[in-house]
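full-length UniProt numbering applies: residue 1 is where the sequence shown begins, and numbers increase by one. Ideal Cβ positions, reconstructed from N, Cα and C, are used throughout, including at glycine. Please read these numbers as outputs of a predicted model, since none were measured by experiment. Worksheet: one structure, shown below.
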Amino acid sequence: MESSKPEPTEDASMDAFLEKFQSQPYRGGFREDQWEEEFDKIPLFMKKAPSEIDPEEFPDLACLQSMIFDDDRYPEEQAKTYKDEGNDYFKEKDYKKAVLSYSEGLKKKCADPDLNAVLYTNRAAAQYYLGNVRSSLNDVLAAKKLKPGHLKAIIRGALCHLELKHFAEAVNWCDEGLQIDAKEKKLLEIRAKADKLKRMEERDLRKAKLKEKKEQRQNEALLQAIKARNIRLVSESAGEDEDSASSGPAEILLDGLSSENPCGARLSIDDQGRLSWPVLFLYPEYAQSDFISAFHEDTRFIDHLMAMFSEAPSWDSEHKYHPETLEVYFEDEDRAELYQVSPDSTLLQVLQHPRCSVKALTPAFLVCVGASPFCRNYLQGKKVHRFTALPWPVHLWSPSLKKSSTAVTRIARLGNSLAQRLSQDAVTVLTFVASGTYRRHNSKAINQPCTYSKALRLERLAQLLHQHGGKLRCCGCHEVTGAMKPHPVLC
Numbered sequence: 001m002e003s004s005k006p007e008p009t010e011d012a013s014m015d016a017f018l019e020k021f022q023s024q025p026y027r028g029g030f031r032e033d034q035w036e037e038e039f040d041k042i043p044l045f046m047k048k049a050p051s052e053i054d055p056e057e058f059p060d061l062a063c064l065q066s067m068i069f070d071d072d073r074y075p076e077e078q079a080k081t082y083k084d085e086g087n088d089y090f091k092e093k094d095y096k097k098a099v100l101s102y103s104e105g106l107k108k109k110c111a112d113p114d115l116n117a118v119l120y121t122n123r124a125a126a127q128y129y130l131g132n133v134r135s136s137l138n139d140v141l142a143a144k145k146l147k148p149g150h151l152k153a154i155i156r157g158a159l160c161h162l163e164l165k166h167f168a169e170a171v172n173w174c175d176e177g178l179q180i181d182a183k184e185k186k187l188l189e190i191r192a193k194a195d196k197l198k199r200m201e202e203r204d205l206r207k208a209k210l211k212e213k214k215e216q217r218q219n220e221a222l223l224q225a226i227k228a229r230n231i232r233l234v235s236e237s238a239g240e241d242e243d244s245a246s247s248g249p250a251e252i253l254l255d256g257l258s259s260e261n262p263c264g265a266r267l268s269i270d271d272q273g274r275l276s277w278p279v280l281f282l283y284p285e286y287a288q289s290d291f292i293s294a295f296h297e298d299t300r301f302i303d304h305l306m307a308m309f310s311e312a313p314s315w316d317s318e319h320k321y322h323p324e325t326l327e328v329y330f331e332d333e334d335r336a337e338l339y340q341v342s343p344d345s346t347l348l349q350v351l352q353h354p355r356c357s358v359k360a361l362t363p364a365f366l367v368c369v370g371a372s373p374f375c376r377n378y379l380q381g382k383k384v385h386r387f388t389a390l391p392w393p394v395h396l397w398s399p400s401l402k403k404s405s406t407a408v409t410r411i412a413r414l415g416n417s418l419a420q421r422l423s424q425d426a427v428t429v430l431t432f433v434a435s436g437t438y439r440r441h442n443s444k445a446i447n448q449p450c451t452y453s454k455a456l457r458l459e460r461l462a463q464l465l466h467q468h469g470g471k472l473r474c475c476g477c478h479e480v481t482g483a484m485k486p487h488p489v490l491c
C-alpha cells in the first residue's frame, strides 16, 4: 500500500518565503553610516530640492515631477503650476529661478488673460529685484495690456519709471492707479517722491539752460575779442592753422572753450574786455615747466619772470636762472623757426605777431638762460628772429605829401582800411603828418620802408601795425587848408 505525499498549503509557502528572506541580508534599508544622506533623498523629507533632478539619482523625485508637469494636462493647469513654483522661488529670494518659472508658465500660452497678467507682473517683480528695470517695465506693459486695471502692475510700473528717473511718467502712472484705489498707500508714497524729484529736475534743467546761455555769451565775447586781436589759433586735432578771424574755428574752438591743462584753467575776459590766458613756460634745459593760470594780456613777460624767479627754483641746481639773464622764445611750427621775445613785451603784443600761433588756447614759450652753453647748443642750426615791441603811438612821417584833395582822399581810405583791420578798443593814436607830394612813405618809428603807390600799400602798413600790436582809435590827416585836424571820415 502506497502512502500519498501531502501537498504544501499557502501557510507553508509563506513560511518558506519568510525563512528564505530571513536567511538573506536586507539590501533596501538605510545604512548606518549614510542614513542621513539616504533619508534626504526621499521627496517627503527633503530639506532642499536639488537644482537638477537626475532620474537615476532621484527616481522618486523625477516621478513626481513628471506627474506635476505632465504635458497632457491643460495649459492653464500647467501655467498655474509654474506660477506657484515661481512664487516659492520668489519667497526664497531666488529671483533668477523665479523668472525662469514664470517664463515657463507664459510659454504655455493659456487662454486665461488674468493668469497671464499675473505671470507677467510676478516676473516683472523678480526682474526688478535683479536690477533689470527695463525688462521689468516691459513685463509691466504686457500685463497692463492684458489687464488694464491690474493695480499691482501699475504700482510696479510706477516704481520702474521712478528707478529710471522718468519722474513725470511715474507721476502719471500713480495718478492712473489712484483712480482705481485713491487710498493706495504705496502709490501715494511713490507719487510724492516722484513729484519732488520731478520739480528738482525741472529746477536743475532751468539752471543748466541759464548757465549754458551765460557760457555761450561769454564764448561769443571771447571769440569776438580773439577776432579783433587777429590772434592765430591752431586746431590741434586737425594739425592745421585756424585763423580766428574766420568763422570756421568758431564751432571747433568754442565748443566748451577749455584749454587742455591739468589745472582746468581757461581763457577769460574781464569787465573791461581784456583777456587773460593760461600760459605755459617750458625750460628745455631741465625738462621742467611752469603753468600760469591767468596771464593778463597787458602784463609784460618780465613782470612774471621777476615774480617766478625771485628765488631759485628747486631744479635750478646752479642758481643761474635770474630774470635779467633769461631769454623767452616762441616757435613758428610751420617754418621751424624761433622768435625771441623782448621781456618788456606784453602778452598781447606777442600773440598778435603774424607768426605766433596758440594751440589748445594755451600759449607756450621756451625759456632759457641767454649766452649759456645749453642755449647756444639749443639754438644752433635754428633760425632765430628778434622780436621787439615798439612804444606807442606810432607816427608815420611823410616828408613829401602834396596838399591836394587826392592826397586827403587817399589818407582817408588808408585810415578806413586800418580801422577795419585793427581793433577799436585800444588807446593808440595814429597820426599822419602831411606835406609835399604823395609818392613814398617811411615809417619813422618802425623804420621800415612802405610803398603805398601800389596795391599792396595798405596791406603792408596794416601788417606792420598788426605785428607791433597797434590799435587804431583816431586818424588825423592833412586837409586842403593845411590845418592838422582829424578827418571826419576817419574819426
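Proximity of residue i and residue j at Cβ, strictly below 7 angstroms
{"i": "Lys277", "j": "Pro363", "result": "In the sequence on display, residue 277 carries Trp and not Lys. Contact flag set, yes."}
{"i": "Ala158", "j": "Ile190", "result": "yes"}
{"i": "Ala126", "j": "Ala98", "result": "yes"}
{"i": "residue 502", "j": "Trp315", "result": "The requested residue 502 is not part of the displayed model; the chain covers only 1 to 491."}
{"i": "Val171", "j": "Ala194", "result": "yes"}
{"i": "residue 493", "j": "Tyr321", "result": "Given a span of 1 to 491 for the chain in the structure shown, any question on residue 493 remains unanswerable."}
{"i": "Asp112", "j": "Glu85", "result": "no"}
{"i": "Ile231", "j": "Leu351", "result": "yes"}
{"i": "Cys160", "j": "Ser135", "result": "no"}
{"i": "Leu361", "j": "Leu267", "result": "yes"}
{"i": "Glu212", "j": "Phe167", "result": "no"}
{"i": "Val367", "j": "Gln340", "result": "no"}
Assigned secondary structure, residue i (DSSP; H/G/I helix, E/B strand, else coil)
{"i": "Cys160", "result": "helix"}
{"i": "Lys382", "result": "coil"}
{"i": "Ala371", "result": "coil"}
{"i": "Ala12", "result": "helix"}
{"i": "Ile269", "result": "strand"}
{"i": "Glu333", "result": "coil"}
{"i": "Tyr74", "result": "coil"}
{"i": "Ser304", "result": "Reading the sequence as shown, one finds His at residue 304 and not Ser. His304 falls in the helix class under three-state DSSP."}
{"i": "Trp173", "result": "helix"}
{"i": "Gln349", "result": "helix"}
{"i": "Asp112", "result": "coil"}
{"i": "Ser136", "result": "helix"}
{"i": "Ala364", "result": "strand"}
{"i": "Tyr321", "result": "coil"}
{"i": "Lys165", "result": "coil"}
{"i": "Ser103", "result": "helix"}
{"i": "Glu92", "result": "coil"}
{"i": "Lys207", "result": "helix"}
{"i": "Glu19", "result": "helix"}
{"i": "Glu311", "result": "coil"}
Environment of residue i [buried if 16+ CB atoms lie within 10 Å]
{"i": "Trp173", "result": "buried"}
{"i": "Glu333", "result": "exposed"}
{"i": "Ser101", "result": "buried"}
{"i": "Gln215", "result": "Here residue 215 is Glu; the residue named in the question, Gln, does not match the sequence. Counting Cβ neighbours within 10 Å, Glu215 comes out exposed, since fewer than 16 surround it."}
{"i": "Tyr82", "result": "buried"}
{"i": "Ser357", "result": "buried"}
{"i": "Gln78", "result": "buried"}
{"i": "Ile180", "result": "exposed"}
{"i": "Gly370", "result": "exposed"}
{"i": "Gln349", "result": "buried"}
{"i": "Gly149", "result": "exposed"}
{"i": "Arg376", "result": "exposed"}
{"i": "Gly381", "result": "exposed"}
{"i": "Arg199", "result": "exposed"}
{"i": "Lys144", "result": "buried"}
{"i": "Asp139", "result": "buried"}
{"i": "Arg123", "result": "buried"}
Own chain residues within Cβ distance below 7 angstroms of residue i, not counting five before or after
{"i": "Asp114", "result": "Lys147"}
{"i": "Tyr95", "result": "Ala126, Tyr129 and Leu130"}
{"i": "Val133", "result": "Cys160, Glu163 and Leu164"}
{"i": "Glu220", "result": "none"}
Cβ shell of residue i (< 8 angstroms), same chain only, five flanking positions each side left out
{"i": "Gly177", "result": "Leu151, Ile154, Ile155, Ala158, Glu184 and Leu187"}
{"i": "Pro343", "result": "Arg300, Phe301, Ile302, Leu305, Pro323, Leu326 and Val328"}
{"i": "residue 499", "result": "What is shown of the chain runs 1 to 491, which leaves residue 499 out entirely."}
Residue i - partner residues in DSSP beta bridges
{"i": "Ile226", "result": "For Ile226, which the question treats as bridged, DSSP gives no partner whatsoever."}
{"i": "Gln340", "result": "Tyr329 and Arg386"}
{"i": "Trp277", "result": "Phe295"}
{"i": "Lys359", "result": "Val234"}
{"i": "Tyr283", "result": "Gln288"}
Contacting residues, own chain, Cβ-Cβ under 6 angstroms from residue i (five flanking each side not counted)
{"i": "His319", "result": "Ala312"}
{"i": "Leu275", "result": "Ala225, Ile269 and Glu297"}
{"i": "Cys110", "result": "Pro75, Glu76 and Ala79"}
{"i": "Tyr286", "result": "Trp315"}
{"i": "Gly256", "result": "Low confidence applies here, because Gly256 scores a pLDDT of 41, under 50, leaving its location unreliable and the question unanswered by this model."}
beta-carbon residue i near the ligand HEM non-hydrogen atom, thresh 6 angstroms
{"i": "Gln179", "result": "Here there are no bound small molecules, and the ligand HEM is not part of this structure."}
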